[in-house]
Amino acid sequence: MITVELFKLCRRVRTWFSIGLICALPLVVAIFIAVTHLAPPPGQGSAFLSAVLDNGQLYPAAALALVLPVFLPVAVAVVAGDSIAGEASAGTLRYLLARPVGRTRLLVAKLVAVITFTLIAVVAVTVTSYATGVLILGPSRAAAVGFAPGGNSGSIAPGAGGAPTAGLQPGAAVTSLSGTPLTTLQLIERVLGAMSFITVSMLGVAAIAIFLSTLSDSALGAALGALATLVGSEILVTLNAASVVQPYLPTRYWLAWIDFFRQPIFWRDIQRGFAIQAVYVVVFLGAAWANFATRDITT
Amino acid sequence: MISTQNLTKRFGKVQAVREVSLDVREGDRYGLLGPNGSGKSTLVRMLLGLVYATSGSISVLGEQVPRHVSRVLPEIGALIEEPAAYPHLSARANLRLLDAAGPHGSRRTRRRRVDDALEQVGLAGIDRRPVRAYSLGMRQRLGLAAALVRRPRLLILDEPTNGLDPRGIRDIRDLLIGLNASGVTIFLSSHLLPEVSALCTRIGVLDSGALVLQEQLASLQEPTGRVLVSTSDPERAVGALDGLVERRDDTDLLVRSADPAALNRRLVAAGVPVTALLVQRRSLEEIVLDVTGAGSDQFGVPAAREPGPKHEPPAAAAPEDPPPAAAPEDPPAAAAPEDTDMS
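In order, the protein sequence lines correspond to chains Y and P.
Position in the first sequence (first residue = 1) + 74 = my numbering.
Position in the second sequence (first residue = 1) + 20 = my numbering.
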């Protein structure tokens with residue numbers, strides 16, 4: 075069943091179209107920056123963007139920061155929201171279940187497909203943006219960018235997001251946000267860490283969308299519902315009056331992966347981010363399973 | 021093969037299926053009839069474990085449903101309302117995908133089984149066009165092929181001839197009769213009475229969720245004790261039959277007689293030129309309309325016909341209420357065209 079779901083994922087034009095779009099955004103940004111040499115000044119704009127002009131190898135991190143707030147969650151929510159509701163509205167759900175495919179098995183297969191999609195998207199962004207960074211921006215003089223740990227690094231409010239703040243230092247190697255040089259191995263480790271953190275964050279989105287997908291017969295409704303949850307969460311994250319609930323919001327620690335690029339790695343928010351996403355995944359997938367396993371299939 | 025006891029399903033306040041005790045036997049070609057919204061689809065979905073019953077029990081192929089539904093479903097081919105397929109894939113890709121999704125679909129025999137099923141439904145030469153481009157009839161045939169891929173022992177088909185042209189309807193009917201002859205039990209639901217009449221050996225009639233009739237079709241259609249006689253000399257025939265003629269419509273006479281051979285001898289002896297002699301049987305339409313009320317898709321239509329005496333075998337009631345043959349009263353306009361539509 076898992077193979078079947080992966081086959082269906084691969085044969086959908088939408089899958090590759092959305093991954094293409096996600097990869098295209100950083101490419102477009104890189105071209106503009108390379109042509110104009112106008113990166114956002116340190117402390118403003120998307121994370122890492124001010125640094126990439128000096129070191130293209132950091133561009134994967136910048137690219138992930140670019141697609142994380144909107145593009146990636148939208149794509150994941152669309153695929154995950156479509157998982158059950160799409161089959162239901164197309165009428166194929168009843169035939170799958172009568173085949174028979176157990177309801178739990180179907181849900182697991184759908185989850186694996188969504189995880190696969192997220193991984194492909196994150197890896198694709200990383201790989202294409204590394205190529206983009208090296209080819210277009212070039213691994214020229216490396217920049218050492220300092221950054222005060224803690225602070226607002228978890229928030230994705232404009233300007234407050236973990237944007238590098240300090241000036242440039244001449245150097246040959248890739249440097250961390252804290253200013254210390256990173257070896258290639260360290261850079262690879264940290265990029266992998268960031269990728270896994272972002273994938274897990276997206277799984278939180280996927281779990282919400284899959285849950286809504288078992289409630290509704292409208293794939294669009296499920297995807298938009300999950301996105302509405304995220305938008306609501308982002309608004310509350312920036313609202314001081316909502317500080318009571320902020321630690322529990324799904325997007326609270328979304329940008330904590332930036333801490334992977336500090337020296338040493340600043341683990342506190344990363345751990346909290348993993349933990350909160352794990353809770354969201356378990357709770358919403360549990361609810362999705364409980365609902366789907368007992369539901370009448372009338373479509 | 022299928023038996024339910026007092027099966028009931030409530031959706032909120034609506035009672036879709038009430039106290040249905042279905043009995044489908046091995047080798048049957050069973051037709052489940054009923055107006056739109058009478059609960060046919062809900063009943064079919066409960067048999068397949070898609071909808072959970074509110075109360076009552078279901079046994080299919082000797083296993084309890086829904087508890088052991090995964091044991092019986094591999095032996096069932098199903099068409100559940102409209103066929104459905106992934107529109108961007110071809111017919112073969114769709115069938116292979118569906119077969120690969122569940123258990124008991126050996127990969128070794130898959131290609132062969134898919135090709136066989138496509139051939140059975142008349143899609144043997146289908147190309148690689150995506151299903152998106154198919155006509156309604158082709159989709160319907162593909163849906164049937166999907167039900168046949170696993171070579172099931174039991175076919176549960178909801179409106180199997182929907183969207184097919186007259187030739188398609190006959191093809192599918194022949195296919196189903198052939199499968200039945202080779203040992204496949206067929207359970208189908210339909211509101212196309214001529215279809216059920218031509219195909220089924222046994223019928224059940226649902227009305228507002230309740231099973232109001234379940235009987236062998238042959239015993240429902242026993243002769244009514246009336247014979248339709250056509251003659252070019254009706255005057256002489258009326259004289260010869262002496263009070264047995266119940267109704268006359270130009271050259272057609274409805275004659276009370278339990279023995280058509282004796283009637284024919286008598287007419288010939290009297291010198292009546294008989295051009296046609298037809299033993300009257302109740303049509304399926306009369307049987308069904310007798311036991312059902314208006315369909316649930318009718319609103320604000322005055323009840324054209326009182327619901328017949330429910331739970332009473334209509335065959336017994338027939339002699340008191342002979343069907344109009346020579347000059348049939350117009351059936352209720354709201355119900356008739358839809359129920360007998362062939363296209």
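All C-beta atoms in this analysis are idealised placements derived from N, C-alpha and C, irrespective of residue type, glycine included.
Source: prediction; values computed, not measured.
Checklist entry - Along chain Y, in chain order, which residues have C-beta atoms closer than 9 Å to that of His94 (chain P)? => result Reading off the sequence shown, one finds Pro at residue 94 (chain P), where the question assumed His. Contact annotation for Pro94 (chain P) against chain Y: Arg173, Pro174 [CB-CB distance below 9 Å, chain order].
Checklist entry - Quick one: what's got a C-beta closer than 6 Å to Met75 (chain Y)'s C-beta in the same chain, skipping five residues either side? => result Val175, Arg179, Ala183
Checklist entry - Could you give the C-beta distance for Asp227 (chain P) and Ser61 (chain P), rounded to a whole number, given that I count them as a contact under 8 Å? => result That belief does not hold up - the Cβ atoms of Asp227 (chain P) and Ser61 (chain P) are roughly 15 Å apart, past 8 Å.
Next on the checklist: Please identify the residue among P:Asn284, P:Ser210, P:Ala278, P:Val225 whose C-alpha is closest to the C-alpha of Glu101 (chain P).
Outcome noted: P:Ser210
Next on the checklist: For the alpha helix (DSSP H) containing Tyr354 (chain Y), name the first residue and the last one.
Outcome noted: 341-368
Next on the checklist: Please state the DSSP three-state secondary structure of Gly51 (chain P).
Outcome noted: Shown here, Gly51 (chain P) sits in a strand according to DSSP, grouped into three states.
Next on the checklist: Excluding the 5 residues flanking Val275 (chain P) on each side, which residues of the same chain have their C-beta closer than 8 Å to its C-beta?
Outcome noted: Arg246, Val247, Leu248, Val249, Leu261, Leu264, Val265, Glu266, Leu283
Next on the checklist: Going by the DSSP bridge assignment, what does Pro214 (chain P) pair with across the sheet?
Outcome noted: Bridge partners of Pro214 (chain P): none, in fact.
Checklist entry - Should Pro115 (chain Y) go down as buried or exposed, given a rule of 16 or more other Cβ atoms within 10 Å for buried? => result exposed
Next on the checklist: Please return the same chain residues whose Cβ sits closer than 6 Å to the Cβ of Arg171 (chain P), not counting the five positions on each side in sequence.
Outcome noted: none
Checklist entry - What residues in the region 78-105 of chain Y have a beta carbon less than 9 Å from any beta carbon of chain P? => result Val78, Glu79, Phe81, Lys82, Arg85, Arg86, Val87
Checklist entry - Nearest to Val141 (chain P) by alpha carbon, out of P:Arg128, P:Arg127, P:Arg159? => result P:Arg159
Item to check | Residue(s) in a DSSP beta bridge with Thr24 (chain P) | outcome: Bridge partners of Thr24 (chain P) according to DSSP: P:Ile78.
Checklist entry - To the nearest whole angstrom, what separates the beta carbons of Tyr354 (chain Y) and Pro321 (chain Y), a pair I think is in contact under 8 Å? => result Tyr354 (chain Y) to Pro321 (chain Y), Cβ: 13 Å. No contact.
Checklist entry - Of the residues P:Ser41, P:Arg152, P:Val258, P:Arg30, which one's Cα is nearest the Cα of Ser23 (chain P)? => result When only C-alpha atoms are compared, the closest one is P:Ser41.
Item to check | CB contact flag (Val150 (chain Y), Met276 (chain Y), <8 Å) | outcome: yes
Next on the checklist: Assuming Trp363 (chain Y) and Leu211 (chain Y) are in contact, meaning their beta carbons sit under 8 Å apart, how far apart are those beta carbons, in whole angstroms?
Outcome noted: In fact, because the Cβ distance is near 45 Å, the residues do not count as touching under 8 Å.
Next on the checklist: Taking the alpha helix (DSSP H) that Asp191 (chain P) belongs to, which residues open and close that run?
Outcome noted: 186-201
Checklist entry - Leu287 (chain P): which of P:Ser252, P:Arg30, P:Asp310 sits nearest, CA to CA? => result P:Ser252
Item to check | Test item: CB-CB of Thr373 (chain Y) and Gly165 (chain Y) under 8 Å | outcome: With respect to Gly165 (chain Y), Thr373 (chain Y) sits close: the two C-beta atoms are nearer than 8 Å.
Checklist entry - Skipping 5 residues on each side, what residues in its chain have a beta carbon closer than 6 Å to that of Leu174 (chain P)? => result Met21, Ile96, Thr205
Checklist entry - In angstroms, rounded to a whole number, what distance separates the CA positions of Ile176 (chain P) and Gly69 (chain P)? => result Rounded to whole angstroms, the separation of the alpha carbons of Gly69 (chain P) and Ile176 (chain P) is 13 Å.
Checklist entry - Contact between the region 76-86 of chain P and the region 144-155 of chain P: three or more CB pairs below 8 Å? => result no
Next on the checklist: Taking its Cβ as the centre, do 16 or more other Cβ atoms sit within 10 Å of Thr368 (chain Y), making it buried, or is it exposed?
Outcome noted: exposed
Item to check | Rounded straight-line distance, which links the Cα of Ile158 (chain Y) to that of Leu313 (chain Y) | outcome: Approximately 34 Å, taken between the alpha carbons.
Next on the checklist: Can you check which of these residues, P:Ile223, P:Leu27, P:Ser217, is closest to Ala73 (chain P) by C-alpha distance?
Outcome noted: P:Leu27
Checklist entry - Is any beta-carbon of chain P found at less than 8 Å from that of Asp370 (chain Y)? => result Yes, because at least one Cβ of chain P sits closer than 8 Å to the Cβ of Asp370 (chain Y).
Next on the checklist: From the DSSP secondary-structure annotation, give me the bridge partner or partners of Asp310 (chain P).
Outcome noted: Under DSSP, Asp310 (chain P) shares a beta bridge with no residue.
Checklist entry - Taking Cβ to Cβ, would you say Leu184 (chain P) is nearer than 8 Å to Gly224 (chain P)? => result no
Checklist entry - If we cut at 8 Å on Cβ distances, does Ser77 (chain P) have a partner in chain Y? => result No Cβ of chain Y is located within less than 8 Å of the beta carbon of Ser77 (chain P).
Checklist entry - Mind checking whether Arg173 (chain Y) and Gly122 (chain P) have CB atoms under 8 Å apart? => result Yes, Cβ-Cβ distance for Arg173 (chain Y) and Gly122 (chain P) is below 8 Å.
Checklist entry - What residues in its chain sit with their C-beta under 7 Å from that of Asp291 (chain Y), if we drop five residues either side in the sequence? => result Ala159, Ala162, Ser163, Thr373
Checklist entry - Can you list the alpha helix (DSSP H) stretches of 4 or more residues lying completely in the region 95-122 of chain P, in chain order? => result 111-121
Next on the checklist: Give me the subset of the region 277-293 of chain P whose CB atoms are less than 9 Å from a CB atom of chain Y, sorted by chain position.
Outcome noted: From the region 277-293 of chain P, no residue has a Cβ closer than 9 Å to chain Y.
Item to check | chain Y contacts made by the region 148-174 of chain P, where a contact means CB separation under 8 Å | outcome: So the close ones are Ala166.
Next on the checklist: Here's a check: name, in chain order, each residue in its chain whose Cβ is nearer than 6 Å to the Cβ of Val258 (chain P), leaving out the five neighbours to either side.
Outcome noted: Excluding sequence positions up to five before and after Val258 (chain P), its CB lies within less than 6 Å of the CB of Val265, all in the same chain and listed in chain order.
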